[in-house]
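Below you'll find the structure, written out as structure tokens, and then a few comments.
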Amino acid sequence: HTARFIIDPEFSIADVDRRLYGSFVEHMGRCVYTGIHDPEHPTADEAGFRGDVADLVRELGTGLVRYPGGNFVSGYHWEDGVGPLAERPRRLDLAWRSIETNQVGTNEFLGWAKGLGLEPMMAVNLGTRGIDAARALVEYCNHPGGTAWSDLRIKHGVADPHGVKLWCLGNEMDGPWQTGHKTATEYGRLAAEAGKAMRQVDPSIELVACGSSNSTMPTFGTWEREVLEQTYDEVDYLSLHAYYEELDGDRASFLASGAHMDRYISDVVSTADHVRAVRHAKKRIRLSFDEWNVWYAARFPGERNLETAETPRLIEDTYSVTDAVVVGSLLITLLRHADRVAVACLAQLVNVIAPIRTEPGGASWRQTIFHPFAQAARFATGRVLRTEINGSRIDTDRHGDVTALDAVVTHDETDGSLTVLAVNRAQDRPLKLEAALRGLPGGYRLEQHLVLTDDDHDAVNTEAEPNRVVPRPATGAHVTPDGVLEAELAPVSWNVIRLV
Ligand code: AHR
Numbered sequence: 002h003t004a005r006f007i008i009d010p011e012f013s014i015a016d017v018d019r020r021l022y023g024s025f026v027e028h029m030g031r032c033v034y035t036g037i038h039d040p041e042h043p044t045a046d047e048a049g050f051r052g053d054v055a056d057l058v059r060e061l062g063t064g065l066v067r068y069p070g071g072n073f074v075s076g077y078h079w080e081d082g083v084g085p086l087a088e089r090p091r092r093l094d095l096a097w098r099s100i101e102t103n104q105v106g107t108n109e110f111l112g113w114a115k116g117l118g119l120e121p122m123m124a125v126n127l128g129t130r131g132i133d134a135a136r137a138l139v140e141y142c143n144h145p146g147g148t149a150w151s152d153l154r155i156k157h158g159v160a161d162p163h164g165v166k167l168w169c170l171g172n173e174m175d176g177p178w179q180t181g182h183k184t185a186t187e188y189g190r191l192a193a194e195a196g197k198a199m200r201q202v203d204p205s206i207e208l209v210a211c212g213s214s215n216s217t218m219p220t221f222g223t224w225e226r227e228v229l230e231q232t233y234d235e236v237d238y239l240s241l242h243a244y245y246e247e248l249d250g251d252r253a254s255f256l257a258s259g260a261h262m263d264r265y266i267s268d269v270v271s272t273a274d275h276v277r278a279v280r281h282a283k284k285r286i287r288l289s290f291d292e293w294n295v296w297y298a299a300r301f302p303g304e305r306n307l308e309t310a311e312t313p314r315l316i317e318d319t320y321s322v323t324d325a326v327v328v329g330s331l332l333i334t335l336l337r338h339a340d341r342v343a344v345a346c347l348a349q350l351v352n353v354i355a356p357i358r359t360e361p362g363g364a365s366w367r368q369t370i371f372h373p374f375a376q377a378a379r380f381a382t383g384r385v386l387r388t389e390i391n392g393s394r395i396d397t398d399r400h401g402d403v404t405a406l407d408a409v410v411t412h413d414e415t416d417g418s419l420t421v422l423a424v425n426r427a428q429d430r431p432l433k434l435e436a437a438l439r440g441l442p443g444g445y446r447l448e449q450h451l452v453l454t455d456d457d458h459d460a461v462n463t464e465a466e467p468n469r470v471v472p473r474p475a476t477g478a479h480v481t482p483d484g485v486l487e488a489e490l491a492p493v494s495w496n497v498i499r500l501v
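Residue numbers (the UniProt record's numbering): 2 to 501.
Okay, structure coming up:
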């Protein structure tokens, strides 16, 4: 079983933007409270943010973080989350039937993100609210001073504007579960006018319109077209969301989830470019894949069945080796589309379907999916090169015939290094990888081959055994004298191969 491709720096797709290594912090479950923020924790800073989690976020290498939702944002009054802590109201959060204490809000979050060097991506409420609340929030965050909203921020102790550049116009507004759910026409008009007013406050901001909540929505395709017909001149990006899980024991299809994501991206690009053609527009809409991950959603009881509680444990999925390999494959897919996908957020960051898990006041640890993300963010830099993969194939029920190998290559011109990210989707056999180096100076050698795999494809990391699944050095990979990288990839494995 062999898979082959060519590595040629002339076949370059786009630069790797740090925004592709984004994540997501929602006021949901324990992502914020006892996740990133836990004043009782021994490592907490003055603002109550956990130092151990901050260290893990740094190690994860995320470049951007979306906030505060998610479904939560569609009922959120951002004014509740600013000003003196003691005066902040406790509210019923309709999205997750939780009590929101508002002890973390805009200034705390943006201060935390800034301290970690993360670019914030803020969402405005277009569910229960509209143009006025949205433009007031932009003014509060970004206006230097001398107006009521900006002076209020200064009074709240933040003298310098936050300078938030990237803004989401609502969240999943096509979903019937969303508070303030809208038709494409209703949403498109509101998003266009809210976006216009927000830009009137700060012309330098960038705007993301909501695409479909996922590609199986009955309105998928028409929603994108209608929303863009209304918003094309105002927005820069259109959003995509996708969560994958193993269904009916069909692991082969689950391992091929990247094929689904690939088609989803292509379909949204085609729809956006159709609107572009009809409008004779020059501008190209880029995509913001602002929620993606593995999520065992079939196990979730559904919002309406939740008990009302403060900081409940919601969707704290424990991830396996197989899940990490799928996450790796999804990362590869996003990188392969780096010419059109500008932003991507692994949803979410801590506890809630997250790479990082914590216990209140206690331990924090890396889930299996932490590792492919951290390695890609660290090593896959520079330019993405096009890879045309040939060879061994797998037939799947949900996604048809796919290559056993999923791979992408990045070329960092600053030091000439090449990084191959590669997944073997086969469950029962190793895969021989052969990649011919072309148009590159001779003398490349293997720096390292790291692999994440396990004989038990269901192995997980837990608080008791946090390092059961970690990337380990693999042996045998080499570059032949005539410039062919040869490596063997274990079944169900995520691999990082570095050539220098
Ligand atoms: O990430 C969990 C939820 O999934 C988000 O709140 C929502 O946008 C999506 O449906």
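Don't be surprised by glycine CBs; every beta carbon is placed ideally from N, CA and C.
Straight-line Cα distance separating residue j from residue i
| i | j | result |
| --- | --- | --- |
| V452 | F301 | 31 Å |
| S267 | H2 | 29 Å |
| P177 | F73 | 14 Å |
| R154 | G82 | 12 Å |
| S240 | Y188 | 14 Å |
| L208 | A192 | 10 Å |
| residue 521 | I354 | With the chain running from 2 to 501 in the structure shown, residue 521 is simply not present. |
| C32 | Q449 | 34 Å |
| T186 | H281 | 21 Å |
| L331 | G147 | 46 Å |
| R98 | E389 | 47 Å |
| L117 | L61 | 11 Å |
| D340 | Y22 | 15 Å |
| R130 | V480 | 59 Å |
| G443 | V485 | 11 Å |
| R226 | P313 | 38 Å |
| A135 | D46 | 30 Å |
| L307 | F6 | 49 Å |
| L95 | V270 | 33 Å |
| V159 | L138 | 14 Å |
| E414 | R439 | 15 Å |
| A345 | A149 | 34 Å |
| H275 | R91 | 46 Å |
| L419 | D9 | 10 Å |
| F255 | L248 | 8 Å |
Residues that residue i bridges to, as DSSP identifies them
| i | result |
| --- | --- |
| E311 | I100 |
| G392 | A4 |
| F50 | H38 |
| R287 | Y238 |
| N496 | A423, V452 |
| L65 | G23, E120 |
| G362 | For G362, which the question treats as bridged, DSSP gives no partner whatsoever. |
| D407 | V424 |
| W296 | Per DSSP, none; premise fails for W296. |
| D94 | S99 |
| K197 | Its beta-bridge partners do not exist; DSSP assigns none. |
| P219 | Answer is none; P219 lacks a bridge partner. |
Beta-carbon proximity of residue i to residue j, cut-off 9 Å
| i | j | result |
| --- | --- | --- |
| Y233 | R200 | no |
| A377 | L336 | yes |
| A348 | R20 | no |
| Y34 | E360 | no |
| I14 | R387 | yes |
| A460 | G477 | no |
| V410 | G329 | no |
| V385 | R394 | no |
| T463 | W495 | no |
| A243 | S216 | yes |
| H157 | G84 | yes |
| P492 | R430 | yes |
| T382 | V66 | no |
| N352 | G71 | no |
| G76 | G128 | yes |
| L406 | Y445 | no |
| E173 | C211 | yes |
| H28 | V105 | yes |
| I370 | N468 | no |
| L229 | T272 | yes |
| P121 | L86 | no |
C-beta neighbour in chain C for residue i, strict 9 Å
| i | result |
| --- | --- |
| G303 | Among the chains of the structure shown, chain C does not appear; only one protein chain is present. |
Contact test: residue i Cβ vs ligand 3 heavy atom, cutoff 8 Å
| i | result |
| --- | --- |
| N72 | Within the structure as shown, ligand 3 is missing, the only ligands being ligand 1. |
Practice task
Any chance you could list the beta strand (DSSP E) runs of at least 3 consecutive residues sitting entirely within the segment 105-184, in chain order?
Solution key: 120-125, 167-170
Exercise for the section: Taking only runs that begin and end inside the segment 241-269, name each unbroken alpha helix (DSSP H) of 4 or more residues, in chain order. Expected result: 252-256
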